[in-house]
Structures are given as C-alpha cells and as structure tokens.
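**Student:** Take this structure, written in structure tokens, and hold onto it; I'll ask about it next.
Residue numbers (UniProt numbering): 1 to 546.
If you want it as structure tokens, here you go:
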C-alpha cells in the first residue's frame with residue numbers, strides 16, 4: 001500500500017506509469033509524517049513533514065540527476081541548532097534584519113557569537129556548491145547582529161510566557177548553559193546561572209581571542225539575557241563553594257550542569273613543569289583578562305593541532321614573538337583546527353610542523369629552552385582509536401623560549417565533590433542520557449562536560465534539548481521553541497547562473513599580526529543583498545527562475 005522513500009526519478013516514473021501512485025496519494029499525510037496529527041494538535045505546523053520523497057521535485061530543481069537526499073535544504077539539516085537558514089537569508093536579502101534575527105534566535109540565542117566563531121557546518125553542505133561556491137551564511141548572520149546594534153543598540157527580546165514560580169539552577173555560563181537558561185526563561189522559569197569565573201560566558205569570555213570575539217560585542221549579547229531576567233552569580237564554584245545538594249535545598253527544582261572543560265590535559269613528558277611552559281587555556285585566559293604575557297623577541301612553540309592551539313599560536317604572534325612554531329601529531333588534512341584558522345595562521349607567519357609528537361622539554365636553570373620531538377607515523381590504530389605510533393629513530397630538537405601545551409581539555413571532577421552519588425562521572429564526562437537526562441531525575445547535564453569538547457553551536461543545541469527535558473520534568477509540554485507556521489514561498493526568482501561569492505573585507509596579514517582587532521571587517525549592506533540573493537531556496541518545492 002505504501003512505497004516508503006523513493007530515491008531516484010527512474011523508479012518514481014515506474015510507480016506512476018504503472019498506476020500505483022493513487023494509493024500512495026491517499027495515505028500521503030501519514031506516509032510523509034506519521035506524527036502530523038499530534039504536531040497539528042500542538043500547533044507545530046512548521047514541523048510537519050510534507051515531503052513524500054516522490055522525487056518529482058528533482059525535475060524542478062538545479063540538479064535533476066541527484067538523489068533526493070541531496071535536494072533537501074541541507075544547510076538546516078547540517079546545523080546542530082536546526083536554524084531555518086533559507087528563511088532568514090531571504091529576510092536579510094530584503095533588508096528585514098530584525099525578522100532575520102528573530103528566525104535565528106528562535107533556535108539559537110547566541111546569534112552574535114555564532115556570527116563570528118561558528119564552525120558553519122551549514123556552509124559545508126550548501127547546495128550552491130554544485131554551481132559555484134557556498135553562501136557566506138556565517139558572514140550574513142554577523143551582519144544582521146552588527147546592523148541591529150548599530151541601529152537599535154540592542155537585540156529584540158523573544159516572546160516570553162508568564163512567570164510560573166518554578167526555580168532552576170544552571171551550572172556554567174558557556175554556550176550550553178546560556179542556551180538552557182534562555183529557553184527556560186522564555187517558558188517562565190526563574191533561572192539562576194552559577195559561574196566559577198569572575199565573568200559570565202565561560203570559555204566564550206576568557207578563552208576566545210579578542211580578534212575572534214571582541215569582549216564589548218559579547219557583552220551586548222549577554223545584555224539580552226539580563227534583560228530577560230536571567231540571574232548570574234559569578235565567582236561561585238559548584239563542588240567547592242556550594243554543592244548540588246545545597247542548590248536543591250535552596251529551592252531549585254532542577255539543576256542543569258553545563259560546566260566547560262577548563263582543565264588542560266598533560267603531555268606526560270619530562271620537563272613540562274619547567275618555568276616558561278604553560279597550558280593553552282591558561283595562556284588564553286591570561287591574555288584575555290589582561291594578565292598579559294611578554295613574548296617580544298622570543299621563540300615560541302605551540303604543541304597541539306586543534307582550534308585552541310591555533311588561537312594560542314596566533315595570539316603569540318600578536319604579542320610580538322619573533323617566531324612561532326606549531327607542532328602536532330596530525331597531517332594537515334587531519335588537524336581538528338578549522339582550515340580557515342590554519343590558513344590565516346600561516347598568512348601571519350606561523351610555521352606548522354605536521355606529524356611530530358613531543359618527547360621531552362629541556363630546561364636550563366629551571367627554564368624551558370627547547371623541545372625534542374619524534375616523528376608520528378600514525379595517529380589512530382587499525383580500529384580507529386586514538387593510539388599514536390612513532391618512528392623513534394626520527395627525532396629533532398627545537399629551541400624555544402616559551403612553550404604552550406594545547407593538546408585538549410578535560411572535565412574538572414570537583415563539580416561533583418560531595419555529590420558523587422548524584423553525578424555519575426565516567427572518565428572525563430558526566431554520564432547523561434537522551435536530551436540531558438541523568439540517573440538522578442532532577443539533575444541534567446550537557447555541553448562539554450557530557451559530550452567532551454564540542455562546538456559553540458553544538459553546545460547551544462545541547463542546552464536547548466536539556467531545557468525541553470527540564471520543562472517536561474517540571475510539568476510542562478517540553479515545547480521550548482516558539483513554533484510559527486512559516487509560509488515557504490519565493491520572494492524573487494532564483495538565479496542559477498554562476499555568481500561569485502561575496503568577498504569578506506578583512507585586515508591584511510601584516511595589519512592583523514600586530515593588533516587584536518577583528519580579522520574580518522564584516523559585509524556591507526549591498527553585499528548582503530547580493531550574497532543572500534544567491535540562495536537557491538532548496539526549502540521551496542515550486543520555484544521560479546530568472
């Protein structure tokens with residue numbers, strides 16, 4: 001009676017030719033979305049799946065030979081936060097920036113932050129690449145927030161439900177904690193966020209260099225949370241200053257643990273405790289909070305291949321180091337760091353040595369003066385596990401005045417001090433199940449402490465999921481997203497002619513290596529209309545062309 005998902009046009013044609021499509025059409029709503037009745041009852045019309053995978057649309061689109069999974073609006077599917085990318089791009093193209101912001105904010109409250117530091121998986125999956133280049137989605141998002149700050153001085157508040165008198169504690173004010181607080185506050189909960197540092201924002205505030213996320217810009221994003229009524233308590237370490245049990249006694253009906261991984265992993269080599277050796281997180285925090293570090297004229301070695309190591313290396317360059325060299329186990333195409341960060345680092349004079357692991361840090365009179373490396377032949381073993389192998393005969397010693405170790409972070413187990421029976425820590429993560437639930441009904445966990453290191457937008461999604469779980473636990477419906485029916489229609493014909501991607505204005509390598517100004521300057525309004533206009537509107541079935 002039903003055919004399920006048809007993957008290609010030829011098979012779909014056969015079904016139609018044989019006259020068997022009528023039975024499918026009769027059952028269309030249930031085949032397309034078995035949950036449509038419940039969604040309609042809950043007024044979640046925008047979440048009803050209308051696509052039957054009949055593949056007819058393939059003849060309407062820009063790539064008729066592609067399989068159906070290639071034709072969906074993959075930008076939204078790729079976004080961990082599920083942001084309606086084509087919709088807000090269309091608003092931006094028409095100059096409706098407030099509306100565009102609200103579409104993003106509905107699924108991701110850290111719009112400004114993600115407009116600057118998101119790893120933009122959406123761009124990697126943009127269907128425009130089949131014609132020319134992906135749309136600069138992150139750059140458009142950044143312009144939207146910059147325009148609102150320039151013209152309104154602040155961001156619009158989301159719709160909020162009446163106070164319900166229920167209190168929730170959030171531990172940690174990083175992306176996941178802020179996201180959870182945002183959605184719970186929208187639902188009428190009294191939310192208090194406890195932060196161990198003296199500033200709100202976790203690693204967003206102290207771990208990201210100024211040239212990536214300026215402190216004054218991030219402060220504007222935080223103003224929105226305060227205006228909503230979220231309370232922040234800084235300088236309070238859970239497990240040291242107050243226990244999770246104590247939070248419960250103070251009347252918090254649920255606790256969301258979203259502490260970041262602020263503890264650096266040790267290299268485990270001789271000499272890493274020498275003077276002149278520091279961890280990546282400590283180094284970045286010192287620079288961001290004004291502690292400073294005089295590297296003028298010094299030769300610096302950074303160990304690690306992730307984004308933190310790249311931030312450390314590029315920060316060292318800006319602090320006047322004579323030479324900065326980065327050593328990592330991975331080949332360049334295996335490095336966890338974003339390719340843009342690697343490219344920009346090299347443009348600024350960074351030397352990258354791939355396939356080398358540290359053996360020992362040498363010291364003279366207690367101060368580091370060099371690192372001995374050995375050649376890494378493979379990072380992972382045959383089963384895909386992290387298990388580096390080396391060629392012990394291939395070694396080299398490199399002089400260094402300062403060494404930064406940035407090979408990853410780990411969870412501080414102090415968060416569960418005195419509450420071990422409530423919080424199950426396995427290895428370096430808190431054991432959390434579906435959507436942040438734990439073995440203790442009123443305790444939830446998410447973000448880096450539950451998943452390991454994650455992206456900013458990944459943390460946002462974990463916080464949103466946990467907010468939904470907490471709302472259900474406390475008697476709500478779990479619907480933390482403001483569901484609105486979005487009429488998907490064309491506001492202009494799509495242009496499938498090859499069109500160059502707008503070039504983001506940026507500082508030259510020489511300009512940026514001597515200051516902490518933002519590397520990217522942001523698009524102008526004319527560029528936004530052109531770039532957003534390149535969207536193929538893959539979310540709209542019936543399209544018109546130029």
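Note that beta-carbon positions come from the ideal geometry of N, C-alpha and C, so glycine has one too. Keep in mind the model is a prediction, meaning the values are calculated, not measured.
Can you give the Cα-Cα distance for residue 421 and residue 443, rounded to whole angstroms?
**Tutor:** 12 Å
**Student:** I'd like to know if the stretch 174–188 and the stretch 256–266 are in contact, where contact means that at least 3 CB-CB pairs between them fall below 8 Å.
**Tutor:** The stretch 174–188 makes contact with the stretch 256–266: 3 or more CB pairs, one atom from each, lie closer than 8 Å.
**Student:** Please determine, among 80, 156, 115 and 81, the residue with the shortest C-alpha to C-alpha distance to residue 102.
**Tutor:** Ranking 80, 156, 115 and 81 by Cα distance to residue 102 puts 156 first.
**Student:** Could you give the DSSP three-state label for residue 293: helix, strand or coil?
**Tutor:** coil
**Student:** Between 218, 204 and 225, which lies nearest to residue 190 when the distance is taken from Cα to Cα?
**Tutor:** 225
**Student:** Excluding the five sequence neighbours on either side, which residues of its own chain have a C-beta within less than 6 Å of the C-beta of residue 529, listed in chain order?
**Tutor:** 93
**Student:** Alpha carbon to alpha carbon, how far is residue 188 from residue 60? Give it in angstroms, no decimals.
**Tutor:** Low local confidence applies: a pLDDT of 45 at residue 60 is under 50, so the model's placement there is unreliable, with the coordinate-based value given in what follows. Looking at the two C-alpha atoms, the distance is approximately 45 Å.
**Student:** Can you name, in chain order, every residue of its own chain whose Cβ lies under 8 Å from the Cβ of residue 491, other than the five neighbours on each side?
**Tutor:** 90, 93 and 94
**Student:** Could you pull the start and end residues of the beta strand (DSSP E) that residue 357 belongs to?
**Tutor:** From DSSP, the beta strand (DSSP E) with residue 357 extends over 356–364.
**Student:** Starting from residue 396 and walking both ways along the alpha helix (DSSP H), at which residues does that stretch end?
**Tutor:** Segment 386–399 is the beta strand (DSSP E) holding residue 396; no alpha helix (DSSP H) there.
**Student:** Counting only the same chain and skipping the five closest in sequence on each side, list residues whose C-beta sits under 7 Å from that of residue 331.
**Tutor:** The answer, listed in chain order, is 354 and 355.
**Student:** With DSSP run on the structure shown, which of helix, strand or coil describes residue 461?
**Tutor:** helix
**Student:** Residues in its own chain within less than 7 Å of residue 370 by CB, not counting five upstream and five downstream?
**Tutor:** 362, 397, 398, 399 and 400
**Student:** Mind checking whether residue 193 and residue 145 have CB atoms under 9 Å apart?
**Tutor:** Taking 9 Å as the Cβ cut-off, residue 193 and residue 145 do not qualify as a contacting pair.
**Student:** Check for me: the beta strand (DSSP E) holding residue 256 runs from which residue to which?
**Tutor:** 254–257
**Student:** Report yes if the CB atom of residue 280 is closer than 9 Å to the CB atom of residue 325, and no otherwise.
**Tutor:** no
**Student:** Is it right to say residue 386 is buried, meaning 16 or more other beta carbons lie within 10 angstroms of its own, or is it exposed?
**Tutor:** exposed
**Student:** Using only the alpha-carbon positions, how far apart do residue 234 and residue 170 sit?
**Tutor:** 12 Å
**Student:** Go through its chain and collect everything with a Cβ distance to residue 378's Cβ below 6 Å, but skip five positions before and after it.
**Tutor:** 389
**Student:** Taking residue 443 as part of the beta strand (DSSP E), name the residues at either end of that continuous run.
**Tutor:** 443–445
**Student:** With a CB to CB cut of under 6 Å and the five nearest residues on each side skipped, what residues in its chain are close to residue 22?
**Tutor:** Caution is warranted here: a pLDDT of 47 is assigned to residue 22, below 50, making its placement in the model unreliable, and the coordinate value is therefore given only provisionally. Setting aside the 5 residues that flank it on each side, residue 22 has no residue in the same chain whose C-beta is closer than 6 Å to its C-beta.
**Student:** Output the boundary residues of the alpha helix (DSSP H) element that contains residue 114.
**Tutor:** Where residue 114 is concerned, the enclosing alpha helix (DSSP H) stretches over 111–117.
**Student:** Measure the Cβ-Cβ separation of residue 373 and residue 357 and say whether it is below 9 Å.
**Tutor:** yes
**Student:** Measuring alpha carbon to alpha carbon, tell me which of 315, 118, 248 and 122 ends up nearest residue 85.
**Tutor:** 122
**Student:** For residue 447 and residue 175, I'd like the C-alpha separation in whole angstroms.
**Tutor:** 8 Å
**Student:** Can you say whether residue 260 is buried or exposed, counting buried as having 16 or more other CB atoms within 10 angstroms of its CB?
**Tutor:** buried
**Student:** As an exercise, report each continuous alpha helix (DSSP H) stretch of at least 4 residues that is fully enclosed by the stretch 218–294, in chain order.
**Tutor:** 244–249 and 280–288
**Student:** Using the rule of at least 16 other Cβ atoms within 10 Å of the residue's Cβ for burial, across every protein chain shown, is residue 26 buried or exposed?
**Tutor:** Reliability of the predicted coordinates at residue 26 is poor, the pLDDT of 45 falling under 50, and no value is obtained from them.
**Student:** Less than 8 Å between C-beta atoms, sequence neighbours within five positions excluded: which residues of the same chain meet that for residue 367?
**Tutor:** 274, 275 and 276
**Student:** Alpha carbon to alpha carbon, how far is residue 441 from residue 423?
**Tutor:** 11 Å
**Student:** By Cβ distance below 8 Å, which residues in the same chain neighbour residue 533 in space, the five residues on each side in sequence not counted?
**Tutor:** 93, 492 and 495
**Student:** Output the distance between the C-alpha atoms of residue 109 and residue 270, rounded to the nearest integer angstrom.
**Tutor:** 44 Å
**Student:** If residue 136 sits next to residue 502, beta carbons under 8 Å apart, how far is it from one beta carbon to the other, in whole angstroms?
**Tutor:** 6 Å
**Student:** Does residue 512 pass the burial test, meaning 16 or more other C-beta atoms within 10 Å, or should it be called exposed?
**Tutor:** buried
**Student:** Taking the continuous beta strand (DSSP E) assigned at residue 372, which residues delimit it?
**Tutor:** 367–380
**Student:** Measure the CB-CB distance between residue 75 and residue 457 and report whether it falls below 9 Å.
**Tutor:** no
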